[in-house]
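To start, the structure itself, in structure tokens.
In the working numbering, the protein residues as written are 77 to 364.
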């Protein structure tokens, strides 16, 4: 973009600030799927902050090159707005419309200023459109990256919630597993169990796989790794929930569980754990 085109855009942004801001906000509100006072207030505040930055940046030249140092402040604000819109539940298109909605008010002023010079109007319109397309794509890029981070964090939280370690008795922990046990989940399982062993000083950990649909070689290896890690922390493991089908599968796979105590049910494993820790449960005989 040459200096004449840069100057024209900067001049319009500076001299027509109020009318541009009004038209811009009206355009954004008309495209909103959900209308509420909080969202409208945020849009007005964000637009009022961005428009002066845009005028300042274009006035400094290099307005077409958003990678130039003078764009850093404006891009930082766009990034903050994009990140906030992810958390607020806006779509990527709604986020990009924050930038794209400013095009038409600017084009209107360009037509007024350059209407008598068709070539200048066409050049300025194309250059301005290209600039705002870059800014719009930037907001989408930031939005997508932020959204991916949010999804990854939610997945991690779900993994942690799906692997609760509970204390059944003094020195006895239980880890009920439900669903598929893959490498990522195994890491969470291992970290949760080991941390609980450290926190409680437990000497027995029961890993219950009643809710694990299938056990293949990889799942068995993950279980053995968890058992080995717990032993290094001073806790013996008992694996419960070994159904007949799973027992047959383990035998066919040739997985060696000889050094690991296994039980059919969690209740059976709990009895063994109590015996090993020197505890017992007495039942009062109330009679009939």
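Glycine included, C-beta positions come from ideal geometry on N, C-alpha and C.
Under the criterion of beta carbons closer than 8 Å, residue 244 and residue 276 do not qualify as touching, at roughly 11 Å. The Cβ-Cβ distance between residue 153 and residue 125 falls below 8 Å.
In chain order, 316 place their CB closer than 7 Å to the CB of residue 344, counting only its own chain and leaving out the 5 sequence neighbours on each side.
Approximately 11 Å separates the beta-carbon atoms of residue 333 and residue 322; this is outside 8 Å, ruling out the contact.
Judged by their CB atoms, residue 97 and residue 129 are not nearer to each other than the 8 Å cut-off. From the listed residues 295, 162 and 194, the smallest Cα separation to residue 226 is found for 162.
The beta carbon of residue 266 is closer than 6 Å to those of 302 and 305 in its chain, skipping five residues each way along the sequence.
Cβ atoms of residue 84 and residue 200 come within 8 Å of each other, at about 6 Å.
Between residue 197 and residue 186 a beta carbon distance of about 6 Å is seen, short of the 8 Å cut, so the two are scored as contacting. The criterion of a C-beta distance shorter than 8 Å is satisfied by residue 171 and residue 215.
With contacts defined by Cβ atoms closer than 8 Å, residue 283 and residue 299 form a contacting pair. Restricting attention to 289, 280 and 336, the CA atom closest to the CA of residue 354 is found in 280. When 89, 132 and 340 are compared, the shortest CA-CA separation from residue 285 is found for 340. Here residue 157 really is in contact with residue 174; their C-beta atoms are around 6 Å apart, less than 8 Å. For residue 312, the pairing in a beta bridge is given by DSSP as 280.
With 16 or more other Cβ atoms from the protein chains shown falling within 10 Å of its own Cβ, residue 159 counts as buried. Going by C-alpha positions, residue 141 is about 18 Å away from residue 179. Secondary structure note for residue 325: it is in no beta strand (DSSP E), and the uninterrupted alpha helix (DSSP H) holding it is 320-329. When DSSP states are grouped into helix, strand and coil, residue 252 belongs to the strand group. A residue is called buried when at least 16 other Cβ atoms come within 10 angstroms of its Cβ; residue 134 meets this threshold and is buried. Apart from the 5 residues on each side of it in sequence, residue 211 sits with its Cβ closer than 7 Å to the Cβ of 142, 154 and 175 in its chain, given in chain order.
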